[in-house]
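Peer 1:
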Amino acid sequence: MIIVVLHNLIRISINQFRDINTHLSSAEGLCFSDGRRKVDYVLVFHQRRHGSIRSPASTSVSHDRLSIVSNGNFPPSVGPDVEAERGGGVQGEAANAGEVFMELGCSGGNETTEPADHEMRLIRQEFEANLLEAGLEIERNNEVSLKTHGPCFTRLHAPWPVLCREAEFLKIKVPTKTVRYHLFWFSVHVQRLFVSPFQPKVPHQDHERTKFLSHCFSRDKIHLYNITSKDTFFDNATRGRIVYEILRRTVCVRTCQTIGISTLIANGVYDSAFPLHDVSVPTRRPLVLHEEWARYSAFYKYQPIDLVRKYFGEKIGLYFAWLGVYTQLLVPASIVGIIVFGYGVATVDTNIPSQEMCDESLNFTMCPLCDGACDFWRLSTACGTARASHLFDNPATVFFAIFMSLWAVLFLEHWKRRQISLSFSWDLTGIEEDEEHPRPKYETILLQKRQRKQKNKKKKKKNEVGKLRNLCLAVIEKLTWKDRLPGYFINVSSILFMFGLTFSAVFGVIVYRITVSALMAMSPDPETKSNVRVTVTATAVIINLVVILILDEIYGAVALWLTELEIPKTETNFEERLILKAFLLKFMNAYAPIFYVAFFKGRFAGRPGNYVYVFNDFRMEECAPGGCLIELCIQLSIIMLGKQLIQNNIFEIGIPKLKKLVRAIKDKGSAEEEREEERPPQQWNLDYALAPFEGLTPEYMEMIIQFGFVSLFVASFPLAPLFALLNNVIEIRLDAKKFVTELRRPVAIRAKDIGIWYNILSGMGKFSVIINAFVISFTSDFIPRLVYQYMFSQTGTMHGFIDHTLSYFNVSNFKPGTAPQNSELGDITFCSRYKDYREPPWAPDAYTFSKQYWCVLAARLAFVILFQNLVMFLSLVVAWVIPDVPKTIVEQLKREKKLLVDVFLREEKEKFQLIQNCALLYSWRAVSCIKEPSGVTQPLPAMSEVFRYQETLLLLLPLY
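When we follow full-length UniProt numbering, the leftmost residue of the sequence shown carries the number 1, and every step to the right adds one.
Printed below as a string of structure tokens:
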């Protein structure tokens, strides 16, 4: 009796505490109505407007009543007033009796429902019933059933038994009780002296340097784990991941699919599904991440990577860790680039080729730049271009190209070591890849294939339900290459078409440059004539930039469409194929204009008297007198800076804001109604208003394209690493702010590495060696200067180099109508010059390539081979010297295994000691029973079971 009274008192106290806690938790919007159970996941579906009018009875229901579908505890039953509004009856009596009031539908009162909405309601009922059967607890506001339109929210909670079961299935590693050890003891004390000002102020920061011994969760060994509270043992990211796994594998037979939530979202049954952000009540934002990570004022601080991983999961944590490593290693590259550029600035006044070009006394008269309208001109007028070209085309550029090729290798090796260190500290070593379910699109196509097969066999069933069941329970098939053949054909043809579109855009800009140059050259204004090259180059690059930005958006959508046509089975296959297509198209789009300037411009222009024409009217364009490298530098810098400024920053900030504004205007009416009904707004309403997370592919892609600008053509623009560094400092905080404040919280996904992106980076690093070798050899004048100095110069210096690179042309050899009509330089008959290695007009083989041309070409090809082999050899040496796995990690892995074995040995020894004590107690009781009179002895336990367990332990102990 006393126990019963105490039990009732405790229950009353708990209920009172629960009522108080309900109001506090509802303000945060992170718990169920009882204030105790966390909202681990939210399902959202839209109630569509049908034009019907709700009955007065339905509109008068209290907004505070909840429709709860749960296998856990329930809040107190509603009062009699609400029961009267309901109309009493059985439901009211059931509520008073403490039973569950279930309203799985979303239509209430006398509201009519369209057939499609009715079918979706039935699908939701079946799906949520299966979730209940899986152990989840469900809660939904009763006002959901009274809405005529707008979003409806279903909250999910995973109780402790479900978390334990799923954690064991997913092999989630959790910390053990007290065993822990410190990482990098010496480095911690060093970093406290030098790095502490740059560290973010994160709670429990010492734990980042402390490694708790972890083990895959097992319900049999639950006593080993450091469980201080069942509510906090699994963090919210892990809880959300566990619920998502249940949602993903829950079967819904009515849809004839084998997977759950992804298929239902694709079919429009649910609008979205997401976990909630962990927020503080005043700011409604993750406080620590917002203050120490997602602020531009924290640009000088290190990222709290461990906290990012704990909140968003390993996949997103690895992205920000990779971006941080990439940004840090841009610092030495930027410093060396500034030194190389400074060397060019310091030596521009002593550069002999530039001095010769600027020397008016040498009187180099050059051939006209266009036919008829253009006049002869003096080479000294291109003095500014020559001096600017030396800033980037100097001997230090070769050293910088070699340095950047080795820098790319160092970056990849450093990232591999960092990745393995993170895998160890995040307990990712030895994890198995999660089994992936088929994508909804794949299952839809597979279902259609089954239906066609059923029609072809003409097996008609009398019972339609039996037929539907036979379809859903059919033998699992798979799509073959024949099913994907149309998609492959469209993929190949579309990609070839996109390549053609890119080349057409580049060719269109070339035609623009040629025609505008000719038109400006025919202008009577002398100032216009003098600025032809600058104006045409600047406007053409801006046009290129606009075309690149437009085609980038188009190619992203096309790559997604083409990947869908291939019908990949899993999300991993889909993501990899999408990345390859998007990278291929965007790489070609971004670098096609740069490749043209670097390797094709001026190569096929011909010579005076025998030029190559476009459309039989316009001459192919030539490089500037100072060479094509300065034009390549201008092209690269404007496209790189323009993409970073416009696409990576303005688009990332402006487009989400614009979408949010449009969505707010569209939902303005319903939002006002919700504000009247619900004050303050719950967290699920606020999170639903955020933009959905669409993956990391766009984030990685912009950085990979930037990595190409930094590595591929860095010989022409040494300041590229500096601008990339400045952009990335902002990009990290911009992405952090976007993830924390503008996107819904993504599901925490485990990942051991960055996946296919590492292979792309490695390929680009090797490709950059080849590109830089050809840029130095064929685009710059580095090789011609070396050849002249060591083979043709009489004094062994660069004096006479400009005259050596210019060939003679006889004006009388112009084609009719192409020579200048009235020259301001007087009567020029013979000494017109042009930049090429050709025989003079008085030679037997006039205008053919001279011996100097073949010498320079041989030297260029030899330099390409030498440069590639040298850099590749040094790269292999660097990769060999730097081990992939740090030595400290190897030692700690061994130490962790030893500690783990000791823990389990100690546990088994304790069990063995307990069994021995039980055996002694059994023996003592047996002896005492013998001494008692017959008929008084009590039955003994089965001692054979005790000895059998003891023998099993003795066999298992050596295995540990």
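Ideal Cβ placement from N, Cα and C applies to all residues, glycine included.
(1) Touch check for the segment 607 to 621 and the segment 805 to 813: three-plus C-beta pairs under 8 angstroms?
(2) Could you compute how far the alpha carbon of Gln303 sits from the alpha carbon of Ile339?
(3) If you draw a straight line from the C-alpha of Leu473 to the C-alpha of Val42, how long is it?
(4) Assign Asn728 to one of two classes, buried (16 or more other C-beta atoms within 10 Å of its C-beta) or exposed (fewer than that).
(5) Among the residues of its own chain, which have a CB less than 7 angstroms from the CB of Pro151, if the five just before and after it don't count?
(6) Can you list, in chain order, the residues of its chain whose CB lies under 8 angstroms from that of Leu329, leaving out five sequence neighbours each side?
(7) Quick one: Cα of Val787 to Cα of Lys659, how far?
(8) According to DSSP, which residues form a beta bridge with Leu43?
(9) Around the C-beta of Ile261, are 16 or more other C-beta atoms found within 10 angstroms, so that it is buried, or is it exposed?
(10) Under three-state DSSP, which class holds Asn759?
(11) Do you know whose CA, among Arg744, Ser762 and Asn869, lies nearest Asp278's CA?
(12) For the alpha helix (DSSP H) containing Leu170, list its first residue and its last residue.
(13) When DSSP labels each residue in this structure, what does Pro353 get in the three-state scheme?
(14) Taking Ser875 as part of the alpha helix (DSSP H), name the residues at either end of that continuous run.
(15) Smallest Cα separation from Gly487: which of Arg452, Ile554 and Thr563?
(16) The alpha helix (DSSP H) that contains Tyr488, what's its start and end?
(17) Could you say if the segment 161 to 170 and the segment 240 to 251 meet the contact criterion of at least three C-beta pairs nearer than 8 angstroms?
(18) Is it the case that the Cβ atoms of Phe774 and Arg785 are separated by a distance below 8 angstroms?
(19) Exposed or buried, what is Ser493 when buried is set at 16 or more other beta-carbons lying within 10 Å of its beta-carbon?
(20) Let me check understanding here. Comparing Cα to Cα, which of Ser297, Met404, Pro159 and Leu287 lies closest to residue 998?
(21) Could you spell out the range, first to last residue, of the beta strand (DSSP E) harbouring Asn141?
(22) Can you list, in chain order, the residues of its chain with a C-beta nearer than 6 angstroms to that of Pro200? Leave out the 5 residues immediately preceding and following it.
(23) Can you pull the DSSP bridge partners for Pro175?
(24) Helix, strand or coil for Trp377 per DSSP?
(25) Are the beta-carbon atoms belonging to Val336 and Leu391 less than 8 angstroms from one another?
(26) Quick one: what's Met701 bridged to in DSSP?
(27) What residue range does the alpha helix (DSSP H) around Ser389 cover?
(28) Determine the contact status of Ala605 and Met620, defining contact as a CB-CB distance below 8 angstroms.
(29) If you run the structure through DSSP and keep just helix, strand and coil, what is Asn610?
(30) What is the C-beta distance between Leu156 and Leu131, in whole angstroms, given that I count them as a contact (C-beta under 8 angstroms)?
(31) Going straight from the alpha carbon of Arg439 to that of Cys252, what length do you get?
(32) Just reading off the alpha helix (DSSP H) that Tyr319 is part of, what are its end residues?
(33) Going by the DSSP bridge assignment, what does Tyr808 pair with across the sheet?
(34) For the alpha helix (DSSP H) that Leu428 lies in, which residues bound it at each end?
(35) Assuming Phe503 and Ala592 are in contact, meaning their beta carbons sit under 8 angstroms apart, how far apart are those beta carbons, in whole angstroms?
(36) Quickly, what does DSSP pair Met366 with across the bridge? List them, please.
Peer 2: The structure says:
(1) By the Cβ test, the segment 607 to 621 is in contact with the segment 805 to 813, since at least three Cβ pairs between them sit closer than 8 angstroms.
(2) When rounded, the distance between both Cα atoms is 29 angstroms.
(3) With a pLDDT of 43 at Leu473, under the threshold of 50, the modelled position of this residue cannot be trusted; read the value that follows with caution. Just so you know, the alpha carbons of Leu473 and Val42 end up roughly 30 angstroms apart.
(4) Asn728 should be labelled buried.
(5) Residues of the same chain with a CB within less than 7 angstroms of the CB of Pro151, apart from the 5 flanking positions on each side, are Val44, His46, Asp271 and Tyr688 in chain order.
(6) Closer than 8 angstroms at the Cβ level, and outside the excluded window around Leu329, lie Trp407, Leu410, Phe411 and His414.
(7) Answer to the nearest angstrom: the Cα atoms are 59 angstroms apart.
(8) BP columns for Leu43 point to Thr154 and Ala273.
(9) When all chains shown are included, Ile261 counts as buried.
(10) Three-state DSSP puts Asn759 in a helix.
(11) Cα-wise, what sits closest to Asp278 is Arg744.
(12) Segment Trp160 to Leu170, the alpha helix (DSSP H) holding Leu170.
(13) Per DSSP, reduced to three states, the secondary structure at Pro353 is helical.
(14) First-last of the alpha helix (DSSP H) with Ser875: Lys851 to Val881.
(15) Closest option to Gly487, Cα to Cα, is Thr563.
(16) Unbroken alpha helix (DSSP H) run through Tyr488: Trp481 to Ala521.
(17) Contact between the segment 161 to 170 and the segment 240 to 251 is present: three or more C-beta pairs spanning the two stretches fall below 8 angstroms.
(18) Taking 8 angstroms as the cut-off, the beta carbon of Phe774 is found no closer than this to the beta carbon of Arg785.
(19) A residue is called buried when at least 16 other Cβ atoms come within 10 angstroms of its Cβ; Ser493 does not meet this threshold and is exposed.
(20) Because residue 998 is not part of the residues shown, which for the chain are 1 to 960, the question remains open.
(21) Unbroken beta strand (DSSP E) run through Asn141: Glu137 to Asn141.
(22) Same-chain partners within the cutoff: Glu292, Lys301 and Pro304.
(23) Paired residue(s): Ser214.
(24) Note: Trp377 maps to strand in three-state DSSP.
(25) Taking 8 angstroms as the cut-off, the Cβ atoms of Val336 and Leu391 do not count as close.
(26) Residue pairing by DSSP places Met701 in no beta bridge whatsoever.
(27) Segment Cys383 to Phe392, the alpha helix (DSSP H) holding Ser389.
(28) Going by beta carbons, Ala605 and Met620 fall inside the 8 angstroms limit.
(29) Note: Asn610 maps to strand in three-state DSSP.
(30) Between Leu131 and Leu156 the Cβ distance is about 7 angstroms, and since that is below 8 angstroms, they are a contact.
(31) Arg439 and Cys252: Cα-Cα distance of roughly 15 angstroms.
(32) DSSP places Tyr319 in the uninterrupted alpha helix (DSSP H) bounded by Glu314 to Thr347.
(33) In the DSSP output, where bridge partners are listed per residue, Tyr808 has Arg833.
(34) No alpha helix (DSSP H) holds Leu428; DSSP gives it neither H nor E.
(35) Yes, they are in contact, since the Cβ atoms of Phe503 and Ala592 sit about 7 angstroms apart, within 8 angstroms.
(36) Trp377 and Arg833.
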